[in-house]
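Going left to right, the sequence shown walks through residues 96 to 202 as this note's numbering numbers them. Heads up, the beta-carbon is just placed ideally off N, CA and C, and yes, glycines get one too. Keep in mind the model is a prediction, meaning the values are calculated, not measured.
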Amino acid sequence: MGGFGTLLYVTNQGSDSVSVISTITNAVIATIPVGNTPRGVAVGGLGTRLYVVNADSDTMSVINTDTYAVLRTVPVGANPGGMAVSPDGKSVYVTSQNDDTVTAIGT
């Protein structure tokens, strides 16, 4: 779960999606299909990008937060679990539990 401004991003592992929730109205305003078993989210690009790690797909989804479209799906290590956006916003780092790796991805 993560957020930016008045939006909250929540992973739905059972339906392989991410819900976008307004913190003002508490309403779901979008549900975005992603890879299998989404586990974590991070917001980057001054709020214009949402990054989602998908544990059972071994991927990271990159989502445009204006259109809620998946822009690309990036392969990462086995069973990704955590991630962080670099302070300058130019990279996302994804940790993977099953192969003890960190994948650096240019934004």
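My assumption, with CB atoms under 8 angstroms, is that residue i sits in contact with residue j. Please give the rounded CB distance.
| i | j | result |
| --- | --- | --- |
| V147 | T106 | 7 angstroms |
| T101 | S117 | 6 angstroms |
Which residue from the options puts its Cα closest to that of residue i?
| i | options | result |
| --- | --- | --- |
| S191 | T132, G172, A179 | G172 |
| D153 | G177, R144, L166, A164 | G177 |
| V189 | R144, G135, P182, G140 | G135 |
| A164 | S181, S112, S186 | S112 |
| D195 | S110, P175, G184 | P175 |
| V197 | G109, P182, P170 | P170 |
Using a 10 Å radius around the Cβ and a threshold of 16 neighbouring Cβ atoms, would you call residue i buried or exposed?
| i | result |
| --- | --- |
| T162 | exposed |
| V123 | exposed |
| R167 | exposed |
| L141 | exposed |
| T143 | exposed |
| I158 | buried |
Item to check | Every unbroken beta strand (DSSP E) inside the segment 109-196 [3 residues or more] | outcome: Listed in chain order, they are 112-117, 123-128, 133-139, 144-149, 154-159, 165-170, 175-180, 186-191.
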